[in-house]
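Just so we're aligned: the sequence shown equals residues 11 to 97 in our numbering. Think of the CB as a built atom: it goes at the ideal place given N, C-alpha and C, for glycine as much as any other residue. First comes the structure, then the notes that go with it.
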Amino acid sequence: MTKNPLDRLAELGEEVLGKASQSPTAARVIQSAMQMKDRVDDLSKRVRGLEKMEKRLTALEKRLAKLEGGSTRRASSSKKKSATKKS
11 MTKNPLDRLA
21 ELGEEVLGKA
31 SQSPTAARVI
41 QSAMQMKDRV
51 DDLSKRVRGL
61 EKMEKRLTAL
71 EKRLAKLEGG
81 STRRASSSKK
91 KSATKKS
């Protein structure tokens with residue numbers, strides 16, 4: 011019975027996976043790849059957290075700049091008033 015190319019490819023793939031699973035070197039490579047995946051996942055979570063913090067920091071900086079801008083105007087206007095009273 012003639013097998014189609016997909017059946018042959020599937021059999022070859024199974025053979026390769028079987029041989030690779032018995033190889034200690036391949037096992038170490040697979041283990042390292044899984045650890046790297048976990049580390050990348052962890053780093054991506056941390057980066058997402060940093061992006062949220064940056065947005066919050068930007069909003070706080072804008073609020074602070076607005077408050078400082080208002081306080082410097084008041085201080086300068088109060089100086090002018092006190093200076094005019096003295097003279």
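Contact under 9 Å by Cβ, residue i with residue j
{"i": "K13", "j": "E21", "result": "yes"}
Nearest-angstrom Cα separation, counted from residue j out to residue i
{"i": "R18", "j": "L27", "result": "14 Å"}
{"i": "V57", "j": "Q41", "result": "24 Å"}
{"i": "L77", "j": "K62", "result": "23 Å"}
{"i": "A36", "j": "L74", "result": "56 Å"}
{"i": "S54", "j": "D48", "result": "10 Å"}
{"i": "R38", "j": "Q45", "result": "10 Å"}
DSSP-derived helix/strand/coil call for residue i
{"i": "S33", "result": "coil"}
{"i": "K13", "result": "coil"}
Cβ shell of residue i (< 7 Å), same chain only, five flanking positions each side left out
{"i": "A43", "result": "none"}
Short CB-CB distance (under 9 Å) between residue i and chain D
{"i": "D17", "result": "Looking for chain D here will not work: only one protein chain is present."}
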